[in-house]
Amino acid sequence: ILLYIWATWCPDCIKGFPELYALQKANPDIHTVYFSLDRQEQQWKNGVEKFHLEGEHYWFKTDWKNDFTNAIDLNWIPRYLIIGPDGNIAKYYAIKADDPALQEAIDALR
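Below you can see the structure in the form of structure tokens.
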């Protein structure tokens with residue numbers, strides 16, 4: 002699983018979509034799950050449609066601070082995590098989709 006934490010108000014998230022799309026294209030067997038930190042539900046839904054984000058989508062109604070973001074010590078978005086089939090986190094921290102460590106983590110799980 003490629004877990005992507007983002008928001009429509011985040012310029013780095015929007016700017017990074019081409020690299021995200023490239024990572025997804027290079028790894029069609031990886032399922033993408035999106036967690037949005039948008040402040041409003043409609044803003045999140047509009048962003049999913051506008052940017053053609055394919056995968057599973059969730060919206061954190063609580064914005065930036067919640068149990069999950071606290072548990073992963075979220076300090077920046079976008080944030081990418083790779084989760085293996087065993088449920089363990091294979092890559093804990095990446096802020097760019099073209100970070101070579103993301104692809105290395107995916108390759109190591111194959």
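If you count the sequence shown from 1, position 31 lands on 32 in the numbering used here, and the numbers rise without skipping. Think of the CB as a built atom: it goes at the ideal place given N, C-alpha and C, for glycine as much as any other residue.
Ranked by Cα distance from residue 32, the first of 94, 86, 95 and 9 is 86. The shortest C-alpha to C-alpha distance from residue 56 to any of 71, 6 and 44 is the one to 6. In the three-state reduction of the DSSP assignment, residue 36 falls in the strand class. If you draw a straight line from the Cα of residue 49 to the Cα of residue 14, it is about 12 Å long. Residue 60 is bridged by DSSP to 37.
Look at residue 82 here: in three-state DSSP terms it is strand. Using a Cβ distance threshold of 8 Å, residue 97 and residue 42 do not count as a contacting pair. Less than 8 Å divides the Cβ of residue 38 from the Cβ of residue 78. Judged by DSSP in its simplified three-state form, residue 97 adopts coil rather than helix or strand. For residue 12, the closest of 66, 3, 107 and 80 by C-alpha to C-alpha distance is 80. In this structure, DSSP gives residue 31 a state outside helix and strand, which the three-state scheme calls coil.
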